[in-house]
Amino acid sequence: KEKHKILHQLLQNST
Amino acid sequence: SLLLVAEPEGIFAMPDPTVPESDIKALTTLCDLADRELVVNISWAKHIPGFPSLSLADQMSLLQSGWMEILILRVVFRSLALEDKLVYAEDYIMDEEQSKLAGLLDLNNAILQLVKKYKTMGLEKEEFVVLKAIALANSDSMQIEDSEAVQRLQDVLHGALQDYEATRHPEDPRRAGKLIMTLPLLRQTAARAVQHFCSIKQDGRVPMHKLFLELLEAKA
């Protein structure tokens, strides 16, 4: 999943 | 009701007025727009009832499969009021000539086929928001960990569509089914779009932002 860092980050953000 | 509230605001393309019109400019504008829309669509997905309860890995898998269908369905819905034009953004409407210039005539004609279908049906906003959520939940990722949880999400959304149609369109008991039957064309069109933008990416002449690239690569 390292390849999909931005998607991962955006899903983890609370908004 | 929750999906109507979650529906994102319109977006602006803001093409650079100092750059002369060209295929590269049009594609750069569209790729920038897509990147910003994707950020918005990821926040939107988190408001679909049941979606945040999926594992993070499954949320990612569904978005990696379904993101282009969501982008296209939004363009399609925005374009319903116009004739043979695609509303990529409130300030970025492509007609046949602009599609030709951007090398997007075939792709845009495929998207217009979807517009035509939904125009004939008189697609309503309520139906659009549920259909978009169904497209995501039904994006057929091969990487799903908990397929029962994804099935439950599909069932809830499918149920919402059926309830809406039973109340608002009792005269057409097959309307929910008709809407679901438009999804293969959406899938097919999204696959074409992904393929097209993958080849643009390989050309390397159009700058692309990271999220858009990341999701294109997930499809490659």
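Chains as they are written, first to last, in my numbering: chain E, -15 to -1; chain L, 1379 to 1598. All C-beta atoms in this analysis are idealised placements derived from N, C-alpha and C, irrespective of residue type, glycine included.
Coarse secondary structure for residue i, derived from DSSP in three states
| i | result |
| --- | --- |
| L/VAL1465 | strand |
| L/GLU1504 | helix |
| L/HIS1587 | coil |
| L/MET1392 | coil |
| L/ILE1471 | strand |
| L/VAL1397 | coil |
| L/GLU1592 | helix |
| L/PRO1430 | helix |
| L/ALA1499 | Reading off the sequence shown, one finds Met at residue 1499 of chain L, where the question assumed Ala. Helix at L/MET1499. |
| L/GLU1415 | helix |
| L/HIS1574 | helix |
| L/ALA1362 | Absent from the structure is residue 1362 of chain L, since the part of chain L shown begins at 1379 and ends at 1598. |
| L/LEU1449 | helix |
| L/ALA1480 | coil |
| L/LYS1424 | coil |
| L/GLY1444 | helix |
| L/ASP1518 | coil |
Nearest-angstrom Cβ-Cβ length linking residue i and residue j, presumed shorter than 8 angstroms
| i | j | result |
| --- | --- | --- |
| L/LEU1346 | E/ILE(-10) | Because chain L spans 1379 through 1598 in this model, residue 1346 of chain L falls outside it and cannot be assessed. |
| L/ALA1527 | L/LEU1432 | 6 angstroms |
| L/TYR1496 | L/ALA1391 | That pair is no contact at about 22 angstroms. |
| L/LEU1594 | L/PHE1575 | 6 angstroms |
| L/ILE1389 | L/THR1567 | The Cβ separation is near 20 angstroms, so there is no contact. |
| L/ASN1487 | L/MET1472 | That belief does not hold up - the Cβ atoms of L/ASN1487 and L/MET1472 are roughly 11 angstroms apart, past 8 angstroms. |
| L/SER1519 | L/GLN1437 | That pair is no contact at about 10 angstroms. |
Euclidean distance between Cα positions of residue i and residue j
| i | j | result |
| --- | --- | --- |
| L/CYS1409 | L/ASP1541 | 37 angstroms |
| L/LYS1579 | L/VAL1534 | 37 angstroms |
| L/THR1406 | L/ALA1596 | 20 angstroms |
| L/GLN1532 | L/GLN1476 | 38 angstroms |
| L/PHE1455 | L/GLU1502 | 9 angstroms |
| L/HIS1600 | L/ALA1511 | No answer is possible for residue 1600 of chain L: the residues shown for chain L start at 1379 and end at 1598. |
| L/PRO1398 | L/THR1560 | 38 angstroms |
| L/SER1524 | L/ALA1538 | At residue 1524 of chain L the sequence reads Asp, which differs from the Ser that was named. The alpha-carbon atoms of L/ASP1524 and L/ALA1538 are separated by roughly 22 angstroms. |
| L/ASP1581 | L/THR1545 | 50 angstroms |
| L/SER1457 | E/GLN(-7) | 32 angstroms |
| L/ASN1516 | L/ALA1571 | 19 angstroms |
| L/ASP1413 | L/PRO1548 | 40 angstroms |
| L/PRO1585 | L/ASP1550 | 47 angstroms |
| L/GLN1521 | L/THR1396 | 44 angstroms |
| L/HIS1587 | L/GLU1461 | 31 angstroms |
| E/HIS(-12) | L/LEU1591 | 10 angstroms |
Listed by chain order, chain B residues near residue i by CB distance under 7 angstroms
| i | result |
| --- | --- |
| L/ALA1596 | In the structure shown, chain B cannot be found, because the protein chains are E and L. |
Next item on the list: Please list the residues of the region 1574 to 1592 of chain L that have a C-beta atom closer than 7 angstroms to any C-beta atom in chain E, keeping them in chain order.
Entry: Against chain E - using a Cβ distance shorter than 7 angstroms - the residues of the region 1574 to 1592 of chain L are LYS1588, LEU1589, GLU1592.
Next item on the list: Would you list, in chain order, the members of the region 1508 to 1536 of chain L that have their beta-carbon closer than 8 angstroms to a beta-carbon of chain E?
Entry: From the region 1508 to 1536 of chain L, no residue has a Cβ closer than 8 angstroms to chain E.
Check: What runs of the alpha helix (DSSP H), each 4 residues or longer, lie entirely inside the region 1527 to 1564 of chain L?
Finding: Listed in chain order, they are 1553 to 1558.
Item checked: Contacting positions in the region 1426 to 1455 of chain L - beta carbon closer than 8 angstroms to chain E -> Those residues of the region 1426 to 1455 of chain L placed with their C-beta closer than 8 angstroms to a C-beta in chain E are LEU1434, ALA1435, GLN1437, MET1438, LEU1441, GLN1442, ordered along the chain.
Check: In the region 1387 to 1417 of chain L, which residues sit with their C-beta less than 7 angstroms from some C-beta in chain E, listed in chain order?
Finding: Among the residues of the region 1387 to 1417 of chain L, those with a Cβ less than 7 angstroms away from any Cβ of chain E are VAL1417, in the order of the chain.
Notebook entry, point to check: Between the region 1539 to 1559 of chain L and chain E, which residues of the former have CB atoms less than 8 angstroms from a CB of the latter, in chain order?
Noted result: Residues passing the 8 angstroms Cβ filter: none.
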